[in-house]
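K.L.:
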Amino acid sequence: MNYLQKVMGAAQEELSAIRESWYMLGFLSWVPLIGFAMIIAIFLEGVPRELPVGVVDKDHSQFSRMQLSRLESSATLQIRDYYDSVADAAHDLSGGDIYAIVIIPEHFEQRVRQGSQPAITVMLNTQFILMSKVLKSAFSSVFMESAATIDYVTTLAEDERPELAKSAVMPIRLQITPFFNTYNNYFLFLVSAMLPAFWSILVMITMVISIGEMFKNGREKRWLESAGGSLSAAMLGKMLPYVAVQMLWGLGLVYFVYGVMPWPFAGSWLILAAAMLLTIIIYQLLAYGFYAIEYKYDAALSFTAVFTAPAFAAMGITFPLMNMGDIAVAWHDLLPISHYIHIQISQANYGAPLESIGSSFAYLALFLSVTPLVYWRYKSQSKGWM
Amino acid sequence: MSFLRLLREELLAIFKDMDLLLTIFGGVLLYAFLYPQPYLKEAVTALPVAVVDYDKSDMSREITFMLDASPQIEVDSSYLSEKSAKEAIINNEVSALIIIPEHFKQDLYLGKEPVISVGADASYFLIYGGVVEATMHSVLTESAMIQVGDLLKKSVPLVTAKLQYTPFKTEFINTFNTTASYINYVVPAVYILILQQTMLIGMGMMGATQSQQMRVGVGGYYSRERVSTVMALRFISFGAIYFVHMLFYFGFTFDLFGVPHIAKMGELLLFGFSFLMASLSLGVLLGALFKERIYPTPVILLTSLPLVFTAGFVWPLESMPQWLVWLSSLSPSTPGIQGFLRLNQMGVSFDQVIGQFGLLWTQTAVYSVSAYLLLRAQRKWYLQDV
Chain A
108 MNYLQKVMGA AQEELSAIRE SWYMLGFLSW VPLIGFAMII AIFLEGVPRE LPVGVVDKDH
168 SQFSRMQLSR LESSATLQIR DYYDSVADAA HDLSGGDIYA IVIIPEHFEQ RVRQGSQPAI
228 TVMLNTQFIL MSKVLKSAFS SVFMESAATI DYVTTLAEDE RPELAKSAVM PIRLQITPFF
288 NTYNNYFLFL VSAMLPAFWS ILVMITMVIS IGEMFKNGRE KRWLESAGGS LSAAMLGKML
348 PYVAVQMLWG LGLVYFVYGV MPWPFAGSWL ILAAAMLLTI IIYQLLAYGF YAIEYKYDAA
408 LSFTAVFTAP AFAAMGITFP LMNMGDIAVA WHDLLPISHY IHIQISQANY GAPLESIGSS
468 FAYLALFLSV TPLVYWRYKS QSKGWM
Chain V
235 MSFLRLLREE LLAIFKDMDL LLTIFGGVLL YAFLYPQPYL KEAVTALPVA VVDYDKSDMS
295 REITFMLDAS PQIEVDSSYL SEKSAKEAII NNEVSALIII PEHFKQDLYL GKEPVISVGA
355 DASYFLIYGG VVEATMHSVL TESAMIQVGD LLKKSVPLVT AKLQYTPFKT EFINTFNTTA
415 SYINYVVPAV YILILQQTML IGMGMMGATQ SQQMRVGVGG YYSRERVSTV MALRFISFGA
475 IYFVHMLFYF GFTFDLFGVP HIAKMGELLL FGFSFLMASL SLGVLLGALF KERIYPTPVI
535 LLTSLPLVFT AGFVWPLESM PQWLVWLSSL SPSTPGIQGF LRLNQMGVSF DQVIGQFGLL
595 WTQTAVYSVS AYLLLRAQRK WYLQDV
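Line by line, the protein sequences are chains A and V.
At position 212 of the first sequence (counting the first as 1) the number is 319 in this note's numbering, and the numbers step up by one without a gap.
At position 348 of the second sequence (counting the first as 1) the number is 582 in this note's numbering, and the numbers step up by one without a gap.
#1: What are the residues of the region 400-431 of chain V that lie near chain A, defined by any Cβ-Cβ distance shorter than 7 Å?
#2: Considering only the beta carbon of each residue, do residue 368 of chain A and residue 302 of chain A sit closer than 9 Å?
#3: Please go through the same chain and pick out, in chain order, the residues whose beta-carbon is closer than 7 Å to the beta-carbon of residue 183 of chain V, but skip the five residues on each side of it.
#4: Taking any Cβ of chain A, which residues in the region 520-540 of chain V have a Cβ under 7 Å from it, in chain order?
#5: Taking contact to mean at least 3 C-beta pairs separated by less than 8 Å, is the region 429-443 of chain V in contact with the region 515-527 of chain V?
#6: Who are the Cβ neighbours of residue 369 of chain V in its own chain at under 7 Å, not counting the five residues just before and after it?
#7: Can you tell me which of the three DSSP states residue 187 of chain A falls into?
#8: I want to verify the contact list: residues of chain A whose CB lies under 8 Å from the CB of residue 615 of chain V, in sequence order.
#9: Determine the closest residue to residue 245 of chain V out of V:464, V:593, V:558 and V:553, with distance taken between C-alpha atoms.
#10: Run through chain V and tell me which residues come within less than 8 Å of residue 137 of chain A, C-beta to C-beta.
#11: Is the distance from the Cβ of residue 237 of chain A to the Cβ of residue 548 of chain V below 9 Å?
#12: I'd like to know whether the C-beta of residue 156 of chain A is nearer than 9 Å to at least one C-beta of chain V.
#13: Whole angstroms are fine: how far does the CA of residue 155 of chain A sit from the CA of residue 550 of chain V?
#14: State the Cα-Cα distance for the pair residue 462 of chain A and residue 453 of chain A, rounded to the nearest angstrom.
#15: Can you pull the chain V residues whose beta carbon is under 7 Å from the beta carbon of residue 238 of chain A, in chain order?
#16: So, for residue 263 of chain A: in the same chain, excluding its five sequence neighbours on each side, which residues have a beta-carbon less than 6 Å away from its beta-carbon?
#17: Looking at chain V, which residues of the region 412-436 of chain A have a Cβ within less than 8 Å of any of its Cβ atoms?
#18: What is the DSSP secondary structure of residue 436 of chain V, reduced to helix, strand or coil?
#19: Here's a check: name, in chain order, each residue in its chain whose Cβ is nearer than 6 Å to the Cβ of residue 285 of chain V, leaving out the five neighbours to either side.
#20: Along the chain, where does the beta strand (DSSP E) that runs through residue 406 of chain V open and close?
#21: Within a Cβ cutoff of 6 Å, which residues of the same chain sit near residue 337 of chain A, ignoring the five residues on either side of it in sequence?
#22: When the Cα of residue 273 of chain V is compared with those of V:471, V:248 and V:424, which residue comes out closest?
#23: Return the Cβ separation of residue 449 of chain V and residue 616 of chain V in integer angstroms, given the expectation that the two are a contact with Cβ distance under 8 Å.
#24: Counting contacts by CB-CB distance shorter than 9 Å, is residue 582 of chain V in contact with chain A?
#25: Under 8 Å between beta-carbons, which chain A residues line up against residue 268 of chain V? List them in chain order, please.
#26: Excluding the five sequence neighbours on either side, which residues of its own chain have a C-beta within less than 7 Å of the C-beta of residue 306 of chain A, listed in chain order?
#27: With a CB to CB cut of under 7 Å and the five nearest residues on each side skipped, what residues in its chain are close to residue 554 of chain V?
#28: For residue 361 of chain V, go through chain A and note every residue whose CB falls closer than 8 Å to its CB, in chain order.
#29: On a CA-only basis, which of A:390, A:397, A:421 and A:459 is nearest residue 473 of chain A? Give me that one, please.
#30: Buried or exposed: where does residue 402 of chain A fall if 16 or more other Cβ atoms within 10 Å of its Cβ makes it buried?
#31: Mind listing, in chain order, the continuous beta strand (DSSP E) runs of no fewer than 3 residues lying wholly within the region 214-256 of chain A?
#32: Evaluate contact between the region 555-575 of chain V and the region 424-437 of chain V, counting only Cβ atoms and requiring at least three cross-stretch pairs below 8 Å.
#33: By how many angstroms is the C-alpha of residue 426 of chain V removed from the C-alpha of residue 480 of chain V?
#34: Please name the residue, chosen from V:535, V:533, V:537 and V:528, that lies closest to residue 406 of chain A on a Cα-to-Cα basis.
#35: Establish whether the CB of residue 405 of chain A and some CB of chain V are separated by less than 9 Å.
#36: With a threshold of 16 other CB atoms inside 10 Å of the CB of residue 518 of chain V, please say whether the residue is buried or exposed.
Below, the structure is given as structure tokens:
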């Protein structure tokens with residue numbers, strides 16, 4: 108029996124263990140499927156639409172109604188209610204029934220005609236940061252467009268009171284180009300990172316379950332024998348079926364985001380696959396390591412849960428890494444998936460050359476240095492198995 | 235046996251179980267401090283931005299200076315061309331680039347509306363938003379206001395001024411979390427979920443352990459006493475522990491991280507009690523459903539990410555498929571997060587969370603009755619077996 112045969116022997120043994128366990132089969136098939144499908148379903152709309160807002164129109168003029176009908180035509184929001192007073196509207200704003208209040212002041216039309224630049228006030232519920240951001244830009248663009256179409260005011264500015272025009276002029280234009288994710292789409296922003304975060308939790312917990320179930324069912328002797336007595340071959344062989352399945356899931360997810368959905372993938376799939384493979388192996392090593400802390404199944408599960416649960420928060424996607432404190436950065440660095448996600452995003456967006464993602468790969472490779480320690484923990488135990 | 239002696243046995247069963255303690259004390263304490271870490275700076279500051287100044291006039295230097303003065307960005311003027319600045323983005327040296335074109339000052343005087351270009355990586359929304367906001371503010375407000383007054387007197391044709399005149403303005407007012415702080419945004423909601431998830435894991439493990447023991451014929455107070463008594467013990471033990479946890483989260487750690495809490499104490503306690511009751515009921519039910527103590531941790535762990543994002547504080551419920559909204563309302567964390575945010579962050583009166591309050595008590599009723607029936611059926615089943 109050469110080494111490769113020993114590894115394959117252990118892989119065979121693992122496959123038969125999986126076949127006998129509905130629990131492990133579930134964690135490789137329908138559990139990830141449901142999890143991924145839910146995350147995708149939450150954000151599938153990509154850009155929030157028809158967010159409910161309230162209106163307080165104190166002017167009741169033809170002009171104020173014109174502004175409101177322009178608002179209605181925006182896809183981002185819908186006017187849910189008209190209120191007589193700001194207090195009534197504020198009640199619903201804090202109750203979360205509406206995300207914003209639009210207040211059109213008294214004598215609005217008249218003051219526009221006079222050229223005294225009245226203001227429409229928009230109150231946003233900034234507790235909901237994402238919704239208020241989306242609404243703010245919708246309101247800005249609707250009102251800006253609307254203001255631009257009012258011609259009698261410009262005549263007025265030219266003929267009668269030019270100083271008004273001067274006070275508000277902005278002679279520099281600003282051109283804003285989003286690089287990458289040019290669609291301003293939340294699906295791409297959140298889901299492309301959330302799916303790998305969820306996937307990383309699965310990769311690790313599934314491996315812990317595989318190790319734990321084996322010891323629980325007293326199959327460790329069979330496992331070692333299936334690899335011809337070689338512990339390293341047994342450990343590698345046990346990882347192998349999961350490496351294959353998790354690669355399929357991982358690549359499938361990335362393909363879904365950048366292949367099925369209309370977002371471009373600029374980089375190399377080979378680099379991405381390499382990063383993914385490395386990430387899987389590291390999480391599996393950590394799973395071996397976590398189990399060997401106490402050689403206890405449920406303790407290993409608890410450690411894994413505590414370790415992996417906050418994967419998404421520490422990735423630096425929703426909140427930038429460069430603004431995190433030292434503890435948070437350390438925590439980010441300790442999670443292999445953080446380094447993977449930087450490789451994925453830079454590959455997808457601009458096909459970053461290897462040298463610019465080298466540091467992420469180096470971080471990942473650094474995790475491999477736990478291998479001897481993990482191996483030694485099992486080696487010292489394995490004598491008792493035979 | 236007296237109720238107090240039973241309670242002592244129940245508490246002993248909890249405090250002798252190290253793996254359970256790791257989750258319901260270790261996890262709760264660790265996350266209380268760890269989870270807010272990424273967001274400690276609250277908002278984006280000092281993002282490195284490359285400014286490429288092709289004009290090199292006093293005016294372009296002044297704009298660069300103003301950009302540097304804005305809190306969100308820190309200017310790096312060492313990049314001399316657009317190409318090198320773009321490479322710097324790819325290499326993660328800067329997060330955005332701003333280009334001031336050649337003849338900027340000259341064009342401005344001629345009324346030609348020179349264009350300042352801003353490019354940023356929109357894959358990281360917060361970085362992108364911060365850069366855009368800072369540039370808009372510096373360039374549009376500051377520069378235009380200071381410079382334009384005398385520019386106009388000299389040479390800018392009034393036609394330009396006319397085109398840019400705004401007949402009315404839009405003013406935005408932020409209500410609640412007015413600084414759009416990420417810590418106030420994420421932490422209050424995620425804390426609720428941490429409380430629920432660790433409690434469910436703990437109660438799931440405990441219930442499963444005891445039914446495992448009953449199955450193999452090892453009895454205890456949990457098999458001798460009436461089902462209703464055992465349930466009452468579980469409610470009291472975990473309820474007391476988590477009541478303390480809740481006070482610790484909402485009192486101590488909120489203060490520590492400067493999260494505002496504006497609810498009236500009595501209302502907060504009443505709502506908190508309802509949330510605890512619903513979670514406790516679900517916990518007892520899960521304890522009866524899980525056959526082995528190794529199942530709760532992986533299952534609960536995997537529900538966390540979907541539960542955060544279906545609670546409606548990040549992504550609007552209006553933009554989610556209805557079946558997901560329904561599914562998420564099975565979890566006490568969903569009405570819990572919604573209610574606590576409204577009471578404690580947005581300061582509503584209690585009648586505005588009556589919907590969430592009602593849902594929590596519906597969950598309490600449904601889950602505890604189901605748990606009772608299930609536990610009784612199991613009891614009969616196991617005792618027959620023995």
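Virtual Cβ for every residue (Gly too), placed ideally from N, Cα, C.
Just so it is clear, the structure is predicted and the values come from calculations on it, not from any experiment.
P.N.:
Reading it off the structure:
#1: 400, 401, 402, 403, 404, 405, 406, 407, 408, 409, 410, 411, 412, 414, 416 and 419
#2: Contact flag unset, no.
#3: Residue numbering for chain V in the displayed model covers 235 to 620; residue 183 of chain V lies beyond these limits and cannot be assessed.
#4: 527, 528, 531, 532, 535, 536, 538, 539 and 540
#5: The region 429-443 of chain V and the region 515-527 of chain V touch, with no fewer than 3 CB-CB distances between them shorter than 8 Å.
#6: Close CB contacts of residue 369 of chain V within its chain, under the 7 Å cut and outside five residues either way in sequence, are with 301, 332 and 352 (chain order).
#7: Three-state result, residue 187 of chain A: strand.
#8: Going along chain A, no residue has its Cβ under 8 Å from residue 615 of chain V, so there is no contact; the nearest lies around 21 Å.
#9: V:464
#10: None at all; the shortest Cβ gap to chain V is about 12 Å.
#11: With contacts defined by Cβ atoms closer than 9 Å, residue 237 of chain A and residue 548 of chain V form a contacting pair.
#12: yes
#13: 7 Å
#14: Going from the Cα of residue 462 of chain A to the Cα of residue 453 of chain A covers about 12 Å.
#15: Going along chain V in sequence order, the residues near residue 238 of chain A (Cβ under 7 Å) are 550.
#16: Note that residue 263 of chain A has pLDDT 47, beneath the 50 cutoff, so the model's placement of it is unreliable and no number is given.
#17: 412, 413, 415, 416, 417, 419, 420, 421, 423, 424, 425, 426, 427, 429, 430, 431, 432, 434 and 435
#18: helix
#19: 298, 309, 311 and 332
#20: 403-409
#21: 113
#22: V:424
#23: 6 Å
#24: The Cβ of residue 582 of chain V sits closer than 9 Å to at least one Cβ of chain A.
#25: 417, 434 and 438
#26: Correct list, in chain order: 356, 357 and 360.
#27: 544
#28: 427
#29: The residue with the shortest Cα to Cα distance from residue 473 of chain A is A:390.
#30: exposed
#31: 226-232
#32: With the cut-off at 8 Å, the region 555-575 of chain V and the region 424-437 of chain V touch.
#33: Across the structure, residue 480 of chain V and residue 426 of chain V are spaced so that their CA atoms are roughly 9 Å apart.
#34: V:528
#35: yes
#36: buried
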